[in-house]
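Chains as they are written, first to last, in our numbering: chain A, 9 to 349; chain B, 9 to 349; chain C, 9 to 349; chain D, 9 to 349.
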């Protein structure tokens with residue numbers, strides 16, 4: 009059994025790790041931390057976990073956690089993960105960081121997140137960007153930078169067009185218009201998550217300058233814009249990718265389908281759809297559903313992707329990465345259909 | 009492997025059986041019928057099931073289904089189940105009927121459902137009312153009448169008070185005020201399920217004469233009233249039981265807690281809560297969460313129960329019954345925490 | 009034009025007063041206070057009010073407000089209103105208090121709200137409980153204690169049965185099971201109003217001991233219990249009144265209809281429904297919709313009432329009271345149909 | 009008083025006309041038709057209209073309706089309006105058609121709507137496209153083609169950039185990504201409007217070929233693409249306009265603000281926002297709220313518009329047009345703030 013520790017187990021990302029790891033046949037949760045709830049039974053704070061976990065929340069003691077864990081998931085805010093990584097790795101523990109701290113190059117990180125990177129060995133650590141379908145090298149990594157929720161759905165939607173053999177160089181620009189459930193904003197109540205503010209509404213925010221665009225640009229190497237919105241749903245991100253193609257790049261429905269099939273061959277969590285995906289089919293799952301339409305007499309292809317932001321867009325993908333790091337099938341513990349209706 | 013057939017696999021109850029049985033380690037789904045979709049791949053009609061099931065929907069051929077199945081689940085409308093039961097049982101196949109056809113005594117059924125019972129051996133069949141926690145004899149049954157969704161939550165809420173040792177005879181009256189998600193009304197669009205009619209609303213219906221009250225009266229043998237409402241949620245039934253106690257029956261918090269604990273000892277899907285339950289903790293699960301408060305200077309105890317109407321209130325409970333019928337642990341295939349948030 | 013001041017204009021109750029008074033043909037808003045937003049344009053803080061109001065939020069200066077207002081609405085928390093009332097009334101300004109401070113007798117208030125009443129002339133002031141339909145004396149009042157949201161819907165639902173000529177003494181007990189939109193919990197984000205906690209859920213709270221029960225008992229003088237729940241809606245309270253009748257009190261559908269019609273004759277905001285009401289028809293309006301069903305072979309009548317908690321359950325009723333205090337038709341400024349769908 | 013008739017008064021558009029015209033001080037509703045409900049009291053079918061309207065639904069008798077009305081609103085499906093227009097206009101009655109029948113040139117209409125236009129005088133009639141803010145000539149029109157809901161929000165969002173003095177010719181392409189409440193799909197239940205299908209979901213549809221794009225292209229004369237989605241809300245359309253500017257067209261925040269202000273000067277239902285609009289502020293109103301952000305180092309400007317699809321996107325705009333046709337202030341009967349929260 010793999011012993012897995014979770015630092016930051018009271019937020020939505022941490023709790024989703026707990027929920028999913030509890031069902032994983034090869035994993036035993038060794039420790040879950042929460043400064044706020046230390047000493048309390050996890051299932052008292054989160055009654056849906058009763059009686060599946062006996063552990064109490066603990067305070068953070070990095071060294072001890074390293075000793076008790078084969079792998080540690082960091083489900084802490086941006087800027088905090090880099091406090092733990094050096095010590096954990098020094099003890100030989102593998103790490104999957106769900107924050108942004110190891111996703112971007114140092115200078116890019118500091119520019120985008122407006123803070124200094126405190127890990128002096130940041131660049132040496134060879135962290136792998138854990139978008140599993142594009143980065144098979146996660147299997148050999150000791151440190152995974154788990155992707156942001158928006159970039160996961162966005163990059164997966166268009167990677168075959170941008171990076172597939174025939175698509176190379178033919179995509180001139182992509183605009184991602186994303187719609188997210190509010191759980192992406194976290195477990196803390198705020199004006200944004202206040203029910204009367206969100207119900208019967210849809211709220212655009214950071215429509216030209218959301219930090220996640222940096223990951224999309226890093227991975228796609230093409231002109232990318234990104235505009236997020238919050239919708240009155242708990243889970244899910246639907247990304248509408250408006251892809252603009254060079255004139256010489258016009259392709260048929262069949263050719264594009266073929267491109268996607270080839271690109272994602274063997275990737276079990278990608279489901280290419282005949283129609284257009286929506287959030288309900290992926291609720292609670294690690295799937296990324298993808299569909300597209302070609303606009304007639306236009307340079308535009310519309311690709312839609314749907315993920316559960318807390319699973320494929322976060323904790324599920326982290327476990328998918330863990331599976332590969334430990335030589336297991338990527339589906340282990342994650343292979344179930346969504347909660348429909 | 010147990011071979012399980014599902015007659016009526018396109019409605020919500022049938023689909024939930026499919027979803028749950030696909031995750032059951034000891035079951036293989038042998039056949040799923042749908043007159044409307046016969047010949048179509050189940051996962052084409054229900055994309056969330058891709059790629060978990062290869063079967064196509066079939067037309068109903070009762071005999072053949074009996075041959076191919078160790079157990080058959082009937083997820084058909086009231087009045088239809090009794091068309092299949094005689095033939096299935098004649099072939100020695102066990103049956104779990106999720107309709108109302110075998111829940112009540114013949115005369116009571118005919119009075120409440122306003123139709124004649126067509127199975128001439130109805131009373132001989134010894135169907136067991138499949139409220140597992142109250143009826144351990146499900147383990148020996150060949151025909152289970154799976155309870156209605158409302159009765160499941162209602163009866164479980166108050167059974168210990170009504171039937172527990174100390175409680176016997178002291179409850180004088182119960183009013184169940186239930187609030188249900190709309191999935192209980194089925195997969196067919198209707199005025200009731202039309203989003204603009206239900207969102208930002210709550211709709212009381214059949215507030216004095218819902219048919220499910222007959223099951224509650226049968227099981228509780230006490231004066232029972234029942235008033236259901238539909239709330240703007242997909243899943244779940246929260247039942248607020250207003251329990252009126254004889255003056256001589258006054259009890260303390262501790263005594264009542266003790267009564268519940270004793271009554272439900274070893275029943276793994278009952279979770280007694282310190283506070284009051286709500287729907288979110290049981291979403292997607294087979295749990296029934298129960299909590300209560302005693303009103304001061306009054307004859308009233310308020311007991312709240314929460315279930316997922318499609319799982320504990322339907323398909324999950326059916327599988328729990330199947331588990332016991334086949335000598336397995338009741339938790340097999342059903343032991344996972346809810347989808348929170 | 010009546011000059012109306014609002015103390016506490018940033019919460020939902022205060023904002024609803026602003027919204028409604030802006031449409032009132034005989035009223036001019038003279039001052040709106042908010043400690044938090046003083047100096048800011050009201051329509052900058054609340055963009056839906058642009059360009060209907062030019063005023064800025066002001067700090068509270070009770071004397072000055074009295075000078076500038078013919079009537080002052082107190083939309084402040086319980087315990088604060090009594091700080092303003094003495095000074096406002098000393099200056100001859102009429103007051104409608106939307107808090108609980110003047111609803112109950114002193115000792116009852118202090119017992120229920122667990123605080124001392126600071127207004128030494130509390131009992132002398134002859135405040136009128138502003139449930140307009142039951143208290144025509146609001147027309148002559150200088151101080152109105154505007155009812156709580158739950159009591160408004162609950163009391164109106166059953167008053168004809170309890171207090172109507174034929175009904176007198178025949179109701180033995182009432183249980184109010186109420187379902188409220190979350191706006192009743194106020195404009196401040198909290199765990200309760202956090203979208204992922206409330207969506208797809210329904211949350212019972214204070215199920216035996218909510219403070220509002222005191223108002224219901226005061227007005228109805230019959231055995232009353234009360235159990236509230238929050239539903240995933242912004243506005244509205246649906247109250248399901250389970251009314252238990254003495255055996256000798258059995259009545260027919262027609263008799264009860266007649267009782268209601270007679271009791272509410274001329275009360276323009278009460279709509280007696282043939283079927284059962286739901287929240288959507290009253291959304292944004294001052295109506296209280298009422299319907300009922302008699303349970304066969306039982307002592308129970310189920311009466312359902314539906315109100316908009318912020319209008320009839322709060323600010324609308326306050327304006328209805330103001331209309332009568334100033335000799336106007338009760339409908340002035342409030343006579344419009346609901347926002348359907 | 010203006011006598012207004014409504015043909016098609018049982019759908020959402022017709023009912024919204026009724027609701028709004030009932031509050032209009034200069035209008036008397038003369039007749040409302042519904043084949044389905046003829047002979048029934050309008051307020052029996054729609055209880056939220058009780059007691060505001062005494063009329064019954066009538067069958068359609070075009071000539072008689074013309075006699076009894078100064079203006080007739082056609083709230084009928086596409087393809088039906090052209091059956092009524094010739095006869096109504098022959099009788100001298102003015103017409104506002106809320107269907108698509110008179111919005112486009114004949115050939116364009118027949119191509120897009122895949123049916124023949126039956127009005128042989130279609131092109132002679134000089135119908136005016138009733139997007140009031142862009143077409144002051146509505147004031148002199150006898151036949152108004154009221155715009156589609158999506159085009160209203162989309163065109164208003166970008167018209168100043170495309171058609172404003174400085175903007176002329178500098179916009180090279182616009183992609184409208186729209187999110188609509190489900191009431192746009194009508195009052196008839198369907199799979200799309202089925203609560204379990206829409207709640208916790210967002211559904212893209214006709215993402216490259218929705219018919220409404222034809223109106224956008226007609227009015228904007230620039231390269232336009234359009235992708236709609238349905239969100240789990242009753243009302244509202246939020247349109248995210250991704251506007252691509254020629255390099256030479258780069259402008260500052262102030263310049264663009266100035267362009268919008270100048271373009272919409274005196275247009276009382278356009279509210280230019282400092283931040284980004286969302287649906288809640290326009291709920292139930294005739295406003296179109298607009299805000300924008302310029303993406304740094306890019307050719308993209310993001311403009312967001314928010315409307316209530318049934319008011320500014322339909323019936324409210326129709327009344328705004330009527331106001332101008334009859335020489336009134338455009339605000340008459342429509343000047344009130346939104347229902348917030």
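Virtual Cβ for every residue (Gly too), placed ideally from N, Cα, C.
A quick note: this is a predicted structure, and the numbers were derived from the prediction, not measured.
Straight-line Cα distance separating residue j from residue i
i: residue 340 (chain C); j: residue 244 (chain A); result: 46 Å
i: residue 330 (chain C); j: residue 188 (chain C); result: 25 Å
i: residue 327 (chain C); j: residue 57 (chain C); result: 19 Å
i: residue 83 (chain B); j: residue 145 (chain A); result: 47 Å
i: residue 291 (chain A); j: residue 315 (chain A); result: 8 Å
i: residue 252 (chain D); j: residue 269 (chain D); result: 20 Å
i: residue 266 (chain D); j: residue 282 (chain D); result: 12 Å
i: residue 194 (chain A); j: residue 112 (chain A); result: 22 Å
i: residue 51 (chain B); j: residue 62 (chain B); result: 7 Å
i: residue 241 (chain D); j: residue 205 (chain B); result: 11 Å
i: residue 274 (chain A); j: residue 333 (chain A); result: 17 Å
i: residue 323 (chain C); j: residue 109 (chain C); result: 16 Å
i: residue 147 (chain A); j: residue 335 (chain A); result: 7 Å
i: residue 44 (chain B); j: residue 223 (chain A); result: 46 Å
i: residue 105 (chain A); j: residue 152 (chain A); result: 6 Å
Three-state secondary structure assigned by DSSP to residue i
i: residue 147 (chain D); result: helix
i: residue 210 (chain C); result: coil
i: residue 121 (chain B); result: helix
i: residue 268 (chain D); result: helix
i: residue 6 (chain D); result: Chain D is shown only over 9 to 349; residue 6 (chain D) falls outside these bounds and no answer can be derived.
i: residue 240 (chain C); result: coil
i: residue 331 (chain A); result: helix
i: residue 61 (chain A); result: coil
i: residue 183 (chain D); result: strand
i: residue 175 (chain D); result: Unreliable positioning characterises residue 175 (chain D) in this predicted model, as indicated by a pLDDT of 48, which lies under 50. The coordinate reading is nonetheless provided below. Three-state DSSP puts residue 175 (chain D) in coil, outside helix and strand.
Proximity below 8 Å, CB of residue i to CB of residue j
i: residue 254 (chain C); j: residue 180 (chain C); result: yes
i: residue 345 (chain D); j: residue 60 (chain C); result: yes
i: residue 235 (chain A); j: residue 247 (chain D); result: no
Residues sharing a beta bridge with residue i, DSSP
i: residue 289 (chain D); result: None, per the DSSP bridge assignment.
i: residue 13 (chain D); result: D:39 and D:80
i: residue 66 (chain C); result: C:41
Given a limit of 8 Å on CB to CB distance, which residues of the segment 173-201 of chain C reach chain B?
Against chain B - using a Cβ distance shorter than 8 Å - the residues of the segment 173-201 of chain C are 183, 185, 187 and 189.
Chain-ordered residues of the segment 301-312 of chain C with a beta carbon less than 9 Å from chain B
Under the 9 Å Cβ criterion, the segment 301-312 of chain C contributes 301, 302, 303, 304, 306, 307, 308, 309, 310 and 312.
Against chain A: residues of the segment 39-70 of chain B by CB proximity under 8 Å
Correct list: 54, 55, 56, 57, 58, 59 and 60.
So if I threshold CB-CB distances at 9 Å, which residues from the segment 14-37 of chain A count as touching chain C?
Answer in chain order: 20.
Within 8 Å of chain C by C-beta, residues of the segment 234-258 of chain B in sequence order
Cβ contacts with chain C: 235, 237, 239, 240, 241, 242, 243, 244, 246, 248 and 250.
Below 7 Å between beta carbons is the criterion; list the residues of the segment 75-101 of chain A that meet it against any residue of chain B, in chain order.
Going along the segment 75-101 of chain A in chain order, one finds no residue with a Cβ nearer than 7 Å to chain B.
Taking beta-carbon pairs under 8 Å, can you tell me which members of the segment 199-223 of chain A lie near chain C?
Flagged, chain order: 199, 201, 202, 203, 204, 206, 207 and 208.
Along the segment 265-284 of chain B, what residues have a CB closer than 7 Å to any CB found in chain C?
Those would be 284, in chain order.
The segment 159-172 of chain D: positions lying closer than 7 Å to chain A by Cβ:
Cβ contacts with chain A: none found.
Taking beta-carbon pairs under 7 Å, can you tell me which members of the segment 327-347 of chain D lie near chain C?
Against chain C - using a Cβ distance shorter than 7 Å - the residues of the segment 327-347 of chain D are 344, 345, 346 and 347.
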